[in-house]
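Worksheet: the structure to be examined is printed underneath.
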Amino acid sequence: MTTILKIGGSVLTDKNKVSAARPDVIARIAKEIGEIDSGKLVLIHGAGSFGHHQAKDYKLTDGLNDWSIKGIWPTHSAVTSLNRMVVDALQMSGVDAIPVNPLSSCTLSGGRIEHMCLDVIELMLQDDITPVLHGDVVMDRDRGVDILSGDQIVPYLARELKVDRVGIGTNVDGVLDRDGKLIRKLTPGNMGEVDKILSGSGGVDVTGGMHGKIHELMPLAKVGIPSLVFNAEKPGNVMKFLKNDLQEGTFIRGD
Ligand code: IPE
639 MTTILKIGGS VLTDKNKVSA ARPDVIARIA KEIGEIDSGK LVLIHGAGSF
689 GHHQAKDYKL TDGLNDWSIK GIWPTHSAVT SLNRMVVDAL QMSGVDAIPV
739 NPLSSCTLSG GRIEHMCLDV IELMLQDDIT PVLHGDVVMD RDRGVDILSG
789 DQIVPYLARE LKVDRVGIGT NVDGVLDRDG KLIRKLTPGN MGEVDKILSG
839 SGGVDVTGGM HGKIHELMPL AKVGIPSLVF NAEKPGNVMK FLKNDLQEGT
889 FIRGD
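Residue numbers for the sequence shown follow the working numbering, beginning at 639 and rising by one.
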């Protein structure tokens, strides 16, 4: 069994401040991961307050120019310092976790992943090492440089590695409708309806981000890789997800 688990940057950091980690949350989640032998695991985390501010200041999503070129290092440096905290916490919890930095192992074309050095990840998994990837600034064939979100890494790796399941740990209970009610199950059958509800909810950050996530996850569900969007801020949920025992959240399935 191979699992991809993504933990959002808003869970691991305080998004309202610059480069402010939540070490207690990082330690708790690492401990939950260390307590369960869930087979092979790929971990992906967001940047949260480590990288978003820098990427914005240096306008990294505008492509490469005299100003943005100066932002590659501060952005990468910020997100890799969060990555180091995550990997350190996992190691302390007995997980053989090792970083894989997208900037050094991946290229984009038009903002989408063009190539990723999968050999490293495959060999790590073969040897029961947990690769830990993250959102990053990455070289782009067309734009020079762009920001790669962890949300895009998830479906890419899920397909390439033919994983069995995907978990998306966020700071909300799952996919919420306009009234804030949890949608329990998303399938290609009810996707049209849900699309309407979500796009009608008017540019709220979390919902907007969630909309993008679902559009990355639904095609995966259609090829037989289910995912679960759940609240990783609730103690125990990450462990339950890894045990295949979590009944909360939004299940995204092909049928
Ligand atoms: C963003 O990554 C990467 C940078 C800004 C460097 P994500 O898109 O995966 O981060 P979160 O989950 O939104 O914080």
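Cβ atoms here follow ideal geometry from the backbone N, Cα and C, with glycine treated the same way. Computed from a predicted structure; not experimentally measured.
In this structure, DSSP gives residue 727 a helical state, which the three-state scheme calls helix. Fewer than three pairs of CB atoms, one per stretch, sit closer than 8 Å, so the segment 820-834 makes no contact with the segment 664-679. Shown here for residue 719: not one same chain residue has a beta carbon closer than 6 Å to its own, the five before and five after excluded.
In the DSSP assignment, residue 877 falls within the unbroken alpha helix (DSSP H) covering 875-880. Listed in chain order, the beta strand (DSSP E) elements of length 3 or more contained wholly in the segment 674-742 are 678-683 and 735-737. For residue 740 against residue 776, the beta-carbon gap comes to about 5 Å, under 8 Å, which counts as contact.
If you check the C-beta of residue 690 against the ligand IPE, you find a heavy atom less than 8 Å away.
With a 10 Å radius around the Cβ and a threshold of 16 neighbouring Cβ atoms, residue 859 comes out buried. Judged by DSSP in its simplified three-state form, residue 751 adopts strand. The DSSP-derived three-state label of residue 806 is strand.
Contact check for residue 678 against residue 795 fails: the beta carbons are separated by 9 Å or more. The beta carbon of residue 786 sits closer than 8 Å to at least one heavy atom of the ligand IPE. Residue 879 has its alpha-carbon roughly 31 Å from the corresponding atom of residue 749. Assigned with DSSP and collapsed to three states, residue 869 falls in strand. Out of 774, 745 and 686, the CA that lies nearest to the CA of residue 847 is found in 686. Within the same chain, and ignoring the five residues on either side of residue 737 in sequence, the residues whose Cβ sits closer than 7 Å to its Cβ are 721, 725 and 770. Rounded to the nearest whole angstrom, the CA to CA distance from residue 815 to residue 646 is 20 Å. By the CB criterion at 9 Å, residue 870 and residue 808 fall inside the cutoff.
Judged by DSSP in its simplified three-state form, residue 827 adopts helix. Residue 852 is not a Cβ neighbour of residue 790, given a cutoff of 9 Å. No Cβ-Cβ contact shorter than 9 Å links residue 887 with residue 778.
Just so you know, the alpha carbons of residue 661 and residue 723 end up roughly 8 Å apart.
As the crow flies, the alpha-carbon of residue 766 is around 43 Å from that of residue 817.
Remark: the shortest separation between the CB of residue 683 and any heavy atom of the ligand IPE falls under 8 Å. Taking residue 754 as the centre and dropping the five residues before and after it, the same chain places the C-beta of 743, 744 and 794 closer than 7 Å to its C-beta, in chain order.
Judged by the Cβ position, residue 651 qualifies as a neighbour of the ligand IPE at the 8 Å threshold, a heavy atom of the ligand being closer than this.
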